[in-house]
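In the working numbering, the protein residues as written are 324 to 456.
See the structure below:
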């Protein structure tokens, strides 16, 4: 015992070597009574439950793909899916820039602007899509 009177706490009751969380309540003359002990196995069970719960739902998605209707003409937004894309000015540019991104894209774009870049004939065709509301 380290103290005298009520409220004294024995150090041997606080065993930090094990991974147990204990709740104590004061009883009468200053002795501590162990009310309940929760082992770390329940903590592990909770973490396993969290991971399995996350895996079953999947990653966070702001919009669920199943609930959104996408018109068939708008599903593929690539250059190749565009009408009259073959032989247009943008076809060569698409080939050059398709797989470049970030700093490399900026460098390639600057190189193309410096030289005489002939990508093909310019078209005045409209490739827009009309929405039926």
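C-beta atoms are modelled at their ideal positions from N, C-alpha and C, and glycine is treated no differently.
For this session: To the nearest angstrom, report how far apart residue 447 and residue 386 are at their CA atoms.
Result: 36 Å
For this session: Say whether chain D places a C-beta atom closer than 8 Å to the C-beta of residue 383.
Result: The structure shown has no chain D; it contains just one protein chain.
Problem set entry | Three-state secondary structure assigned by DSSP to residue 349 | With a pLDDT of only 49 at residue 349, under 50, the local geometry of the prediction cannot be trusted, and the value read off the model is given with reservation. Strand, per DSSP.
For this session: Find out if the Cβ-Cβ distance for the pair residue 450, residue 405 is shorter than 8 Å.
Result: yes
For this session: Output the boundary residues of the alpha helix (DSSP H) element that contains residue 419.
Result: 412-420
For this session: Using the Cα positions of residue 412 and residue 435, report the straight-line distance between them to the nearest angstrom.
Result: 13 Å
For this session: For my contact list, residue 407 and residue 452 are in at a C-beta cut-off of 8 Å; report their separation, rounded to the angstrom.
Result: Going by Cβ atoms, the distance from residue 407 to residue 452 rounds to 13 Å, so no, they are not a contact pair.
Exercise. In this structure, does DSSP put residue 433 in helix, strand or coil?
Worked result: helix
For this session: From the DSSP output, in three-state form, read off residue 396 for me.
Result: helix
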